[in-house]
Every structure is written in C-alpha cells, then in structure tokens.
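Protein chains in written order, with this note's numbering: chain A, 1 to 113; chain B, 1 to 116. Taking it in order: structure first as structure tokens, then the write-up.
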C-alpha cells in the first residue's frame with residue numbers, strides 16, 4: 001500500500017505569515033493528489049488537487065507544488081489566518097488504479113493571532 | 001455542511017459489545033467510504049461500497065463489517081469491541097466509484113466511539 005509521510009507533524013506560524021506544509025509519498029505510480037483540511041470536530045475537506053502532469057496549481061491563497069522526481073508535495077498557504085488552523089493531509093492516489101484517498105498522520109497547523 | 005450525515009455523533013459502549021454506525025451519503029452519490037481516525041494510526045481507509053456492492057477493502061478488521069442498502073445508506077458494524085477501537089469513524093461519499101478531478105469525496109462529521 002501507499003506509504004505517506006509528513007516532514008513536520010506540527011507547524012506554528014504567526015497570522016499573516018506564509019505557511020508551507022510538506023508531504024512525501026512513496027509510490028511513484030501515484031498520479032493524482034489531493035490536499036485535505038480537517039478542522040477540529042469536523043471531517044476532512046477538499047482544498048486543492050493536482051494531477052501528475054502538472055508541477056504547480058494555484059487556488060485561492062493556496063498553491064500546491066508537485067515534484068515527482070523526489071516524490072514530494074507541498075501546500076503553500078499565503079497570508080495565513082487563524083481560520084487556517086487545522087490538520088492538513090495529503091492524499092496520493094492512482095497507484096494500482098485505485099482512486100481512494102489514503103492519508104498519513106497529517107500536519108497540524110497552528111496560527112497565532 | 002457536506003451533505004453526508006452520520007449518526008450517532010457520539011457513542012459510548014463497553015468492551016465486548018457490538019455497535020452499528022450509520023451513514024447517509026449526499027443525494028445522488030453512489031459510493032460510500034468508511035475511515036477510522038485514531039490518535040496513533042491517523043486516518044485509515046476501511047472499506048468502500050458502490051451502488052450496494054463492496055468495491056475496495058483497506059485495513060478493516062474481521063470483527064468489523066459494513067453494508068450499503070438499496071437506498072444507498074451504509075452501516076458499519078463493529079463487534080467484540082476492544083479499548084483500541086475507540087476512535088472517530090468517518091464516512092465519505094462520492095458520485096462515482098473513485099475520486100478524480102471531476103468527482104470529489106465529501107466527508108461527514110464523524111461518529112466518536114468510546115469503548116470503556
């Protein structure tokens with residue numbers, strides 16, 4: 001199965017700073033990746049996705065970068081706000097034809113006002 | 001509100017007991033996914049159903065089973081409960097069998113199970 005690891009289990013930032021959350025994945029056959037955000041007491045929520053034929057995708061205040069060579073993803077959040085405090089998961093998919101989200105432990109982002 | 005409804009929100013039961021968790025997917029969604037989230041194991045995929053049939057299995061114990069009914073709601077049955085089964089159990093739903101750029105998975109709020 002897919003092994004998903006996160007470089008920083010907890011990230012603390014000041015409001016207004018930019019945040020970068022990293023994710024390493026193990027299966028080079030993964031071709032679709034989603035970042036989810038899980039707020040306290042809620043289920044995971046889709047933030048942004050990227051296909052393996054892209055190396056960058058931008059959303060509203062978020063950017064995902066994909067480096068297939070080193071099997072690494074990052075989620076960049078611009079001008080981080082207290083409402084961004086949550087656990088963030090990356091979910092690589094597509095290996096073996098399976099498009100079911102699989103998650104690692106997640107990275108906890110704490111935004112200090 | 002994701003449109004996915006899970007009941008009950010909280011459940012406390014004793015070791016050795018059996019419980020049933022219920023999930024109503026979003027209207028029109030045919031796939032249901034079950035996940036277990038515990039402190040030491042993170043968010044683990046358990047099982048997926050699509051239009052009433054089992055489609056994929058993850059790290060689901062033999063003491064656990066699930067089914068999807070003709071009205072597309074799903075139930076996760078947990079039996080011979082152990083202390084280690086205490087966790088948040090999430091259900092997600094999607095329109096199609098898998099997730100893609102055109103098909104998102106929506107998660108419910110979860111059921112918090114405490115085994116004492």
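Yeah, the Cβ is synthetic: ideal placement off N, Cα and C, and Gly gets one too.
Please report whether the beta-carbon of residue 100/A lies at a distance below 8 Å from any beta-carbon of chain B. The residue you call residue 100/A lines up with position 100 of the first chain. Closer than 8 Å to some Cβ of chain B, the Cβ of residue 100/A qualifies, so yes.
Near residue 110/B, what residues of its chain come up, given a Cβ to Cβ distance below 7 Å and the 5 sequence neighbours on each side ignored? One-based indexing of the second chain puts residue 110/B at position 110. Hits under 7 Å: 6, 88, 89 and 90.
Select from the segment 30–48 of chain B all residues with a C-beta closer than 7 Å to any C-beta belonging to chain A, and list them in chain order. 33, 42, 43, 45 and 48
Closer than 9 Å by beta-carbon distance: list the chain A residues that pair up with residue 110/B, in chain order. As a working note, residue 110/B is residue 110 in the second chain. In chain order: 41, 42 and 43.
In the DSSP assignment, find the unbroken beta strand (DSSP E) run with residue 108/A in it and report its ends. Working through the first chain from its first residue, we reach residue 108/A at position 108. First-last of the beta strand (DSSP E) with residue 108/A: 107–112.
Compare the C-beta of residue 32/A with all C-beta atoms of chain B and state if any pair is closer than 8 Å. The count along the first chain starts at 1 and reaches residue 32/A at position 32. Judged by the 8 Å Cβ criterion, residue 32/A is in contact with chain B.
Rank 96/B, 73/B and 29/B by C-alpha distance to the C-alpha of residue 21/B and give the top, closest one. Along the second chain, one-based indexing puts residue 21/B at 21. It is 73/B whose Cα lies nearest to the Cα of residue 21/B.
Specify the secondary structure class of residue 92/A as computed by DSSP and reduced to three states. Within the first chain, residue 92/A is the residue found at index 92, counting from 1. Residue 92/A falls in the strand class under three-state DSSP.
Could you list which residues in chain A have their beta carbon closer than 8 Å to that of residue 53/B, in chain order? Within the second chain, numbered from 1, the residue matching residue 53/B stands at position 53. Per Cβ cutoff of 8 Å: no residues; residue 53/B is ~15 Å from chain A at best.
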